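Q: Heads up: the sequence shown begins at 9 in our numbering, then just goes up one per residue.
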Amino acid sequence: MRLAKNLARYFSVAAVLAVVLLPMYWIVISSFKTLPELTSPTPTFWPRTFTVEHYVRLFQQVPFVTYFLNSVYVALASTAITLVLASLAAYSLYRCRYRARHLLYRAFISIYIFPRVLLLIPLYVLFTRMGVIDTLLALIIVNVTVVAP
């Protein structure tokens, strides 16, 4: 009985690992395939011709490092701002005793009824009027708005 439980557990873990790791393996291996092999109707699990052409073009034709650093900057800034705002709100709701505390808590929770996508058009109009479209600041504000409770 114990052996059957362990086998079932190991099989379950192996199945989950396969579902999680196989797409990652496929992405990495596909990045080393040639273009005809990538677009071939018959998939291969290992490249017939190993190439780094895609990575060379990535660094030569696209300012990849700039884009990557922008992503890191936006992610770190959004995370820090969200963490500070959420911590302050949680502290206020948990520690401070005031009359409207439960009402404020319910308001925070009721916001989750609406999809966050509803905020995109008003934010776009606001950012257009402010002149911050296509800036990192706008991206950070959108990330904080969508993620923050």
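We treat Cβ as the ideally placed atom computed from N, Cα and C, and that holds for glycine. Source: prediction; values computed, not measured.
Would you kindly work out how many angstroms separate the C-alpha atoms of V60 and Y18, rounded to a whole number?
A: Each residue's alpha carbon lies about 36 Å from the other.
Q: For I141, name the three-state secondary structure that DSSP assigns.
A: In this structure, I141 counts as coil in the three-state DSSP scheme.
Q: Going by beta carbon distance, what residues of the same chain come within less than 7 Å of L144, once the five residues before and after it are set aside?
A: If we look at L144 and ignore the five residues flanking it on each side, its Cβ neighbours are N78, Y81, V82.
Q: So, for T136: in the same chain, excluding its five sequence neighbours on each side, which residues have a beta-carbon less than 7 Å away from its beta-carbon?
A: Excluding positions up to five away in sequence, the list is empty.
Q: Measuring straight from C-alpha to C-alpha, what distance separates I129 and F76?
A: Taking the straight line from one Cα to the other gives about 27 Å.
Q: Going by beta carbon distance, what residues of the same chain come within less than 6 Å of R89, once the five residues before and after it are set aside?
A: Just to set this straight, residue 89 is Ile in the shown sequence, not Arg. Around I89: V152.
Q: At a cut of 8 Å, does the segment 30-40 reach the segment 49-58 through at least three beta carbon pairs?
A: Result yes; three or more Cβ-Cβ pairs closer than 8 Å.
Q: On the CB-based measure, 16 or more other CB atoms within 10 Å of its CB, does S149 come out buried or exposed?
A: Note on residue identity: the sequence assigns Ile, not Ser, to residue 149. I149 should be labelled buried.
Q: Beta-carbon within less than 6 Å of V154's beta-carbon, same chain only, minus the 5 sequence neighbours each way: which residues are those?
A: Once the five neighbours on either side are set aside, the close Cβ partners of V154 are R124.
Q: Is it true that the CB of P71 sits closer than 9 Å to the CB of I119?
A: No. Outside cutoff.
Q: What is the rounded straight-line gap between the Cα of A26 and the Cα of Y33?
A: Cα-Cα distance, rounded: 10 Å.
Q: Less than 9 Å separating the beta-carbons of S95 and R109?
A: Not a contact, by the Cβ cut-off of 9 Å.
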